[in-house]
Every structure is written in structure tokens, then in C-alpha cells.
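Here the structure is laid out as C-alpha cells; the discussion comes afterwards.
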Amino acid sequence: MTRCFLILLSACLTLASCVRSGSQDKIKAGDNLPEFTLSSEVNGELSSAELKGKVTYLCFFATWCPPCQQKMAALRDTLYPMFENEEDFRLVAVGREHTDADLMEFDSTGKFPFPLYPDPERKVYSLFATGTIPRAYLIGRDGVVVDAETGFDRQHLAVVMDTIRELLNSIK
Numbered sequence: 014m015t016r017c018f019l020i021l022l023s024a025c026l027t028l029a030s031c032v033r034s035g036s037q038d039k040i041k042a043g044d045n046l047p048e049f050t051l052s053s054e055v056n057g058e059l060s061s062a063e064l065k066g067k068v069t070y071l072c073f074f075a076t077w078c079p080p081c082q083q084k085m086a087a088l089r090d091t092l093y094p095m096f097e098n099e100e101d102f103r104l105v106a107v108g109r110e111h112t113d114a115d116l117m118e119f120d121s122t123g124k125f126p127f128p129l130y131p132d133p134e135r136k137v138y139s140l141f142a143t144g145t146i147p148r149a150y151l152i153g154r155d156g157v158v159v160d161a162e163t164g165f166d167r168q169h170l171a172v173v174m175d176t177i178r179e180l181l182n183s184i185k
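If you count the sequence shown from 1, position 112 lands on 125 in this note's numbering, and the numbers rise without skipping.
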């Protein structure tokens, strides 16, 4: 039953992400997570290899972008509290074209309980897309992208949260 639900849900999310996707996408649902390393003075290094075996929500944002600000607030207030105690879950937020200093200033007002990583030259972002933020990817334990989304939509975030729960509850 759970397996059938996961397959159906994955198919629905894939179709939804196709509608949301455009020519700016390099990575979409069904693709493998590309190899990358993020580095932060505050949070240290994080490589994509470390995410293997985890359900990961990866979000690219900019501090000046109103939809990004809304999405980051929703992640802080809604998504993260639901999954923060899950050992197999990671939320990774990447500031596109931002430095550690920019993100520390943003965090001082936003009080984000999850790590913010800078991508000042778009090196990591460019592996995923060429434009449009916010942009988020839900990645399964196997390193395959389950959902790819641009913009901010509360209803879609609710669907993603349900999918995260299903992925966490599925057999490893």
C-alpha cells in the first residue's frame, strides 16, 4: 500500500514539476543529484556525497528576493519544525550569489535553525539551473530528485512535506 502510494505520489510530483519547469532547468525530477561541495565559515563543508542515504530538501534563494523570503520563512516556521528531529532528514539552504557575511546578516533577522551555505559565484546553482529563484529540490535517499520546484507555493510545500514524511517512513 505504502509503495503504491509512493509511486503514485512520485508520478504526480513529477508531472507537477514539469508544469513548473522551464528551459532554465538543468536538473529535474528523476535526475540524479549532481556532485558538489558547499563551504561556509559558519557551517563548514557539505558535499553532496554526505546527503546519500538522507531525504534532503535543497533550496536556492536570495536574501533580496521577496518570494525567497516567504519561502525561507515557511521553511523555518513549517517544514523544519516538522522534521528537525528526523535523523535521516537534511534541509540545506543555499544563498545564490551571497557570501557568508551576507547570510550571517540575513540570519540575524531571520533566525534560521538550519544551515545557510553561500554560493557567491553560482558554482553549485549552475549545476541545477540558469535562472529563477527560489528554486528547491527534494532528493530521496538514493540521490534521485523526487521533486523540483521554482517559486513559492504554500500548497505545493504541503505536498512536499507529505512526500518527505512518506520518504522517511519508507523502508531504507
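Ideal Cβ positions, reconstructed from N, Cα and C, are used throughout, including at glycine.
Query raised in the report: Should the region 77-88 be called in touch with the region 40-59, which here means at least 3 C-beta pairs below 8 Å?
Result: Three or more beta-carbon pairs separated by less than 8 Å are not found between the region 77-88 and the region 40-59, which leaves the two stretches without contact.
Query raised in the report: Below 8 Å between beta carbons: does that hold for Glu110 and Ala75?
Result: For this step, residue 110 is matched to residue 97 along the sequence shown. For this step, residue 75 is matched to residue 62 along the sequence shown. Against a cut-off of 8 Å, the Cβ pair of Ala75 and Glu110 comes out as a contact.
**Report entry** Residue environment, Ile184, which counts as buried when at least 16 other CB atoms sit within 10 Å
**Finding:** As a first step, residue 184 must be located in the sequence shown, where it is residue number 171. It is exposed - the Cβ of Ile184 has fewer than 16 other Cβ atoms within 10 Å.
Query raised in the report: How many angstroms separate the CA atom of Gly108 from the CA atom of Glu100?
Result: Numbered from its first residue, the sequence shown carries residue 108 at position 95. Numbered from its first residue, the sequence shown carries residue 100 at position 87. Cα to Cα, Gly108 sits roughly 24 Å from Glu100.
Query raised in the report: Any C-beta of chain B sitting closer than 8 Å to the C-beta of Arg103?
Result: Among the protein chains of the structure shown there is no chain B, as only one such chain exists.
Query raised in the report: For the beta strand (DSSP E) that Leu104 lies in, which residues bound it at each end?
Result: To locate residue 104, count along the sequence shown from 1; it is residue 91. Where Leu104 is concerned, the enclosing beta strand (DSSP E) stretches over Phe102 to Arg109.
Query raised in the report: At which residues does the beta strand (DSSP E) containing Thr145 begin and terminate?
Result: Here residue 145 is taken as the residue at index 132 of the sequence shown, counted from 1. Secondary structure note for Thr145: it is in no beta strand (DSSP E), with a DSSP letter that is neither H nor E.
Query - Rounded distance between the beta-carbons of Met117 and Val159, thought under 8 Å - result: In the sequence shown, residue 159 corresponds to position 146, counting from 1. In the sequence shown, residue 117 corresponds to position 104, counting from 1. Not really, about 31 Å apart at Cβ, beyond 8 Å.
Report task. In the DSSP assignment, find the unbroken beta strand (DSSP E) run with Ser187 in it and report its ends. Result -> Residue 187 falls outside the range modelled here, since the chain spans only 14 to 185, and no answer is possible.
Query - Those residues which DSSP pairs with Asp132 across a bridge - result: By one-based count along the sequence shown, residue 132 stands at place 119. Bridge partners of Asp132: Arg109.
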